[in-house]
Amino acid sequence: MATASTRNRPLSPHLQIWRWGPHMFVSILHRLTGDGMAFAGLGVLLWWLGALAGGPKSYETFAWAMTTPVGYIVLVGISWAFFTHMMSGLRHFALDVGAGFELNTNRFWSILSPILGVALTAAFWALLLLR
Amino acid sequence: MGNGTSIGRVRGLGSAKTGAHHWLLQRFTAIGNLLLVLWLAVSLVLLPDFGYASVAEWIARPIPATAMALLVVSTFWHARLGLQVLIEDYVHEHGNKFACIAALNLAAFAGAAFGVFCVVRLALGAHA
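Same order as they appear, the protein sequences are chains A and Z. Sequential numbering from 1 applies to the first sequence in our numbering. Sequential numbering from 1 applies to the second sequence in our numbering.
This is the structure:
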C-alpha cells in the first residue's frame with residue numbers, strides 16, 4: 001500500500017488550514033456530544049436500570065450519587081449533550097436531503113443548533129425542578 | 001494484496017461495500033433515538049417523584065417497559081455505529097483498529113443485553 005510513490009503524498013487540509021467557522025464548531029460538537037453520551041449517558045442509563053432491577057437498596061445508592069453536586073453536573077451534562085446532539089442531528093437530516101448548504105443558511109443553523117440545545121436543556125430542567 | 005499487476009496492488013483497498021448500509025442504519029437508529037429519548041424526557045417530567053416505588057411501578061407497565069427496552073437497543077446500536085466511525089477516523093493501524101472494533105462490539109452487545117434484561121426483570125415483577 002505505502003509504496004515509495006504513495007508515501008509522500010500530501011495530506012488533505014485539516015483544522016489548522018481552514019479559517020474557523022460555526023459549521024466546524026457544530027460538527028465537532030456533534031461528535032463530542034455523541035461520543036460523550038455513548039460513554040457517560042449509556043453508563044448512567046444502565047446504572048439507573050440496573051439499580052431499579054436490583055431493588056430499593058441499590059436504587060437508593062444510585063439516587064444518592066445522582067443528587068450529589070457531581071451527580072447533578074453529570075446529569076445536566078448528559079441532558080445538554082442529548083439536546084445539542086439532537087439539534088445538530090436534525091440539522092444533519094436537513095443537510096442529508098441537500099437543503100441548507102447556502103452559505104448564510106448554513107451559518108445560521110450552525111449557530112442556532114447549539115443555542116437551541118442549551119435552551120432545551122434549560123427548559124427541561126426548569127420543568128423538572130419547578131413541577 | 002500482491003505487488004505485481006496494477007489490479008493486484010489496489011484490490012481490497014477500496015470501500016468495504018457496506019458504507020451506505022452503515023450510513024442508513026445511523027439515520028434509522030437516530031430517528032428511533034429521537035422518538036424514544038424524547039418520550040423518556042417527557043415521562044421523567046410527568047413522573048410524580050423519583051422515589052423507587054414510583055419509578056419501578058411506572059417502568060413495569062407494558063408501554064413504558066416496551067419503550068424502554070426499545071430505547072436501550074436503539075441507543076446502543078446508534079452509539080456502536082458512531083463509535084465505529086470514531087475508531088476508523090483515529091485508529092489507523094489495522095491490528096489496533098480490529099481490536100478496538102471487536103471490543104466495541106462486545107461492549108455494545110453486553111450493555112444492550114444488560115439494559116433489556118433489567119427492564120424485563122422489572123416488567124415481570126422483580127419487586128412487585
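In this text, a Cβ means the ideal position worked out from N, Cα and C, and glycines have one as well.
Under the 8 Å criterion on CB atoms, residue 82/A is classed as interfacial with respect to chain Z.
Of all C-beta pairs linking the segment 43–58 of chain A to the segment 78–91 of chain Z, fewer than three are shorter than 8 Å, placing the two stretches out of contact. Taking the C-beta atoms as reference points, residue 117/A is found no nearer than 8 Å to residue 30/Z. For residue 86/A, the C-beta contacts it makes with chain Z under 7 Å involve 34, in order along the chain. Here residue 16/A carries a coil assignment [DSSP, helix/strand/coil].
Rounded to the nearest angstrom, the Cβ distance from residue 55/Z to residue 127/A is 17 Å, too far for a contact under 8 Å. For residue 32/Z, same chain residues with a beta-carbon under 6 Å away, outside a window of 5 residues either side, are 74 in chain order. One alpha carbon belongs to residue 6/Z, the other to residue 91/Z, and they sit about 28 Å apart. Among the CB atoms of chain Z, none fall inside 8 Å of the CB of residue 40/A. Inter-residue distance for residue 87/A and residue 102/A is about 19 Å (C-alpha atoms, whole angstroms).
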